[in-house]
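K.L.:
What follows is a single structure, and I will ask about it in a moment.
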Amino acid sequence: MARVLIIDDDPAMAQVMSALCAEIGHTVVVYSSTSKALNLLSSHSPQLVIAQCNAGNAGELEVLKVCRASLPHVPVILLTGNKSVPEAVAAMRAGAADYLLKPFHMGDLKEAIQRALSDAQSPYPDPSARVREGHGFENIIGSSARMQNIFELIGKVARTDSTILISGESGTGKELVARALHFNSGRRSLPFVAINCSALPENLLESELFGHKKGSFTGAVQDKVGLFEEAEGGTIFLDEINSMAALLQTKLLRVLQERVIRRVGENRNIPIHVRVLAASNEPLFKKMKAGGFREDLYYRLAVIPLEVPPLRERREDIPLLVEHFLQKHTLFGNSNRPAALDQRTMQALCSYSWPGNVRELENAVERACALCENGVVQLGDLPPHVVTSEPLSVTGAVPHSPIYATTSLPQTSLPIGRPLSEFIAAQERRFIEETIRANRGVRERAAQVLGISSATLYRKLDAASMPPIQKVADSL
Ligand SMILES: Nc1ncnc2c1ncn2[C@@H]1O[C@H](COP(=O)(O)OP(=O)(O)O)[C@@H](O)[C@H]1O
Ligand SMILES: [Mg+2]
């Protein structure tokens, strides 16, 4: 049994629909006035809304927008006499659970009601679930403590409407974080609109964000709806906000304060209900302090600051990322298996400094997957500068990183005079132990990352099969 709210100004129609709902076991509240129904929406806490929308009315999707914004998990079935396909598509994109053209059979409505209610109980409670797949946390890889903190923060703040400033170098995954925030929020079935503020000159960016009126400047050949309006009810992601020109910063501040926009060339205020996420690829606080960014806008944006660390400061994430990208970019031969990676190659990937962060790592792995033979990625398949670069100093950001230590041992402290087998065994053991640690103690996963079987991993860890690590370490 569900609580159904019906909004229809045709009493006969409303009565037939109420009878149908009652017949299939639901309780019903009927309103003939849309505005009244919308005002009292939350107090009824309906589980389904059936609303007629008037053809030709400019605010046709208003009911839907208001319902999605205040009751994001409640399905909405729209009824319309307007036989236009674009309207139906727009309604579905805006999150309608269904869209029925009048006149319709009561059997169709019954099916639509049952479908909408059962979808609402499924793990994907809204029709954009398929679109949403792949935008949540599960696609952000990272076992490092710093990434775990980020996941925790996303979990805490995704459902709020707070403005969030995501900072981090280019390629660290800021957009991925922004998407995770949106797709874990109540706005998930409404649009996520991203724009790179450095990609357009100031005047074009303004009309892109806020829209313009036909003839308001050369080239404005027709009215244009801006991205803030397109994102209505959802989230707008202002990427590289640090490059926004001063005048536009002032206009954006006004939008954030007053929650209205004005199209270029118009005086009319248009209310917006959009969550704002912004990203900066340079420390914005510093830039603001140096006078390069409006202070008031900074504090409006950075209600919750979230910093994504560069990859070189969380090297323990590299093996998992590599594994993820191998799976993403290869299907080897007919076996449908991702390519494997030999240990030396993983070591090289783990010791490179990755100035382009995860994006650069992904490109390198994708390239290697395309070049590799027999399904095994080897050193020669990596970009040459990755292989030949100087390993970072051992005093770098992650002193505990094993891989790091292995490749950056100062030449002078090599245990000259000791047997080679002993040295290799000790290094191997350290590498294995740290990989296990990076995989939170899951040995099977560590074995997978290392490209060896679990049995081999256990054998190699067996103390009897290699000299105790301390012995070699002492002699280093
Ligand atoms: N933690 C991560 N896990 C998986 N893929 C990632 C991660 N971080 C970044 N990527 C990938 O790297 C690329 C760059 O990420 P993006 O979010 O665009 O970075 P930024 O916005 O910081 O420049 C994208 O292809 C993204 O999918
Ligand atoms: Mg980006």
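Residue 70 is where the sequence shown starts when you use our numbering, and the numbers rise one by one after that.
Backbone N, C-alpha and C fix where the C-beta goes; we use that ideal spot for every residue, glycine too.
#1: Roughly how many angstroms separate the alpha carbons of aspartate 78 and glutamate 131, rounded to a whole number?
#2: Pick out whichever of Ile501, Arg506, Asn508 has its Cα sitting closest to the Cα of aspartate 531.
#3: I want to check one thing, is the minimum distance from the CB of asparagine 432 to the heavy atoms of ligand 2 below 8 Å?
#4: Quick one: Cα of glutamate 392 to Cα of lysine 529, how far?
#5: Mark aspartate 308 as exposed unless 16 or more other C-beta atoms lie within 10 angstroms of its C-beta, in which case mark it buried.
#6: In terms of DSSP beta bridges, what is arginine 344 paired with?
#7: Does the Cβ of serine 561 have 16 or more other Cβ atoms within 10 Å, making it buried, or fewer, making it exposed?
#8: Looking only at its chain, what residues have a beta carbon closer than 7 Å to the beta carbon of valine 99, apart from the 5 residues adjacent to it on each side?
#9: Residues near ligand 2, CB to any non-hydrogen atom under 6 Å, in chain order?
#10: Relative to ligand 1, is the shortest distance from any of its heavy atoms to the C-beta of glutamate 238 smaller than 8 Å?
#11: Exposed or buried, which one is glutamine 396 when buried takes at least 16 other CB atoms within 10 Å?
#12: Is any heavy atom of ligand 1 found at a distance shorter than 8 Å from the C-beta of isoleucine 341?
#13: Between the alpha carbons of glycine 425 and leucine 375, how many angstroms are there, rounded?
#14: Closest to alanine 247 by C-alpha separation, out of Val143, Glu431, Ala348, would be which residue?
#15: Nearer than 8 Å: is that true of the beta carbon of isoleucine 209 relative to any heavy atom of ligand 1?
#16: Can you grab the Cα-Cα spacing for the pair valine 73 / proline 115, in whole Å?
#17: With distances taken from CA atoms, which of Phe261, Ala181, Phe394, Leu519 is nearest leucine 148?
#18: What first and last residue would you give for the alpha helix (DSSP H) that runs through arginine 369?
#19: CA-CA distance, leucine 322 and serine 212?
#20: I want to check one thing, is the minimum distance from the CB of valine 85 to the heavy atoms of ligand 4 below 8 Å?
#21: Drop a sphere of 10 angstroms on the beta-carbon of valine 294, count the other beta-carbons inside from all chains shown, and report buried for 16 or more, exposed for fewer.
#22: Quick one, are the C-beta atoms of glutamine 121 and lysine 179 less than 9 Å apart?
#23: With distances taken between CB atoms, is the gap from phenylalanine 362 to glutamine 318 smaller than 9 Å?
#24: First and last residue of the alpha helix (DSSP H) that includes alanine 106?
#25: Between which two residues does the beta strand (DSSP E) harbouring serine 236 extend?
#26: Starting from glutamine 116, follow the alpha helix (DSSP H) in both directions and report where the run begins and ends.
#27: How long is the line joining the alpha carbons of alanine 437 and valine 446, rounded to whole angstroms?
#28: Spatial neighbours of cysteine 90 within its chain, please: CB distance less than 6 Å, with the 5 preceding and 5 following residues excluded, ordered by chain position.
#29: Mind checking which residues open and close the alpha helix (DSSP H) that includes leucine 140?
#30: Pairs of beta-carbons, one from the segment 261-270 and one from the segment 222-235, closer than 8 Å: are there three or more?
#31: Looking only at its own chain, which residues have a Cβ that is under 7 Å from the Cβ of tyrosine 527, when we skip the five neighbours before and after it?
#32: Beta-carbon within less than 6 Å of cysteine 441's beta-carbon, same chain only, minus the 5 sequence neighbours each way: which residues are those?
#33: Let me check understanding here. Comparing Cα to Cα, which of Lys225, Val145, Ala515, Arg328 lies closest to proline 388?
#34: CB alanine 106 to CB leucine 133, shorter than 9 Å?
P.N.:
Put simply:
#1: Rounded to whole angstroms, aspartate 78 to glutamate 131 spans 16 Å at the Cα level.
#2: That would be Ile501, whose Cα lies nearest to the Cα of aspartate 531.
#3: No, since every heavy atom of ligand 2 falls outside the 8 Å radius drawn around the Cβ of asparagine 432.
#4: Between glutamate 392 and lysine 529, the C-alpha separation is close to 22 Å.
#5: It counts as buried.
#6: Answer is Thr304, bridged to arginine 344.
#7: Here the chain has residues from 70 to 545 only, and residue 561 is not among them.
#8: Only Ile75, Ala83, Ser87 meet the Cβ criterion.
#9: Ordered along the chain, the selected set is Lys243, Glu244, Asp308.
#10: Here the distance from the Cβ of glutamate 238 to the nearest heavy atom of ligand 1 is below 8 Å.
#11: Classification of glutamine 396: exposed, given that the 10 Å Cβ count is below 16.
#12: No, Cβ of isoleucine 341 sits at least 8 Å from all heavy atoms of ligand 1.
#13: In this model, glycine 425 and leucine 375 are separated by some 19 Å (Cα to Cα).
#14: Of the listed residues, the one whose Cα sits closest to alanine 247 is Ala348.
#15: Isoleucine 209: yes, Cβ under 8 Å from ligand 1.
#16: Proline 115 has its alpha-carbon roughly 6 Å from the corresponding atom of valine 73.
#17: Between leucine 148 and the set Phe261, Ala181, Phe394, Leu519, the nearest pair of CA atoms involves Ala181.
#18: Following the DSSP letters along the chain, one finds arginine 369 inside the alpha helix (DSSP H) bounded by residues 364-370.
#19: Going from the Cα of leucine 322 to the Cα of serine 212 covers about 37 Å.
#20: You won't find ligand 4 in this model; what it holds is ligand 1 and ligand 2.
#21: The residue is exposed, with fewer than 16 neighbouring Cβ atoms inside 10 Å.
#22: Between glutamine 121 and lysine 179, the C-beta gap is not smaller than 9 Å, which leaves the two residues out of contact.
#23: It is a contact, given that the beta carbons lie within the stated cut-off.
#24: Unbroken alpha helix (DSSP H) run through alanine 106: 103-108.
#25: Here the beta strand (DSSP E) through serine 236 covers 233-236.
#26: No alpha helix (DSSP H) holds glutamine 116; DSSP gives it neither H nor E.
#27: Those two C-alpha atoms are separated by around 6 Å.
#28: So the list reads Val73, Val97, once near-sequence residues are dropped.
#29: Looking at the DSSP string, leucine 140 is not in any alpha helix (DSSP H), and its letter there is neither H nor E.
#30: Verdict: no, contact absent.
#31: Closer than 7 Å at the Cβ level, and outside the excluded window around tyrosine 527, lies no residue.
#32: Hits under 6 Å: Ala408, Asp450.
#33: Taking the Cα of proline 388 as reference, the smallest distance to any Cα among Lys225, Val145, Ala515, Arg328 is reached at Ala515.
#34: The Cβ atoms of alanine 106 and leucine 133 lie no closer than 9 Å to each other.
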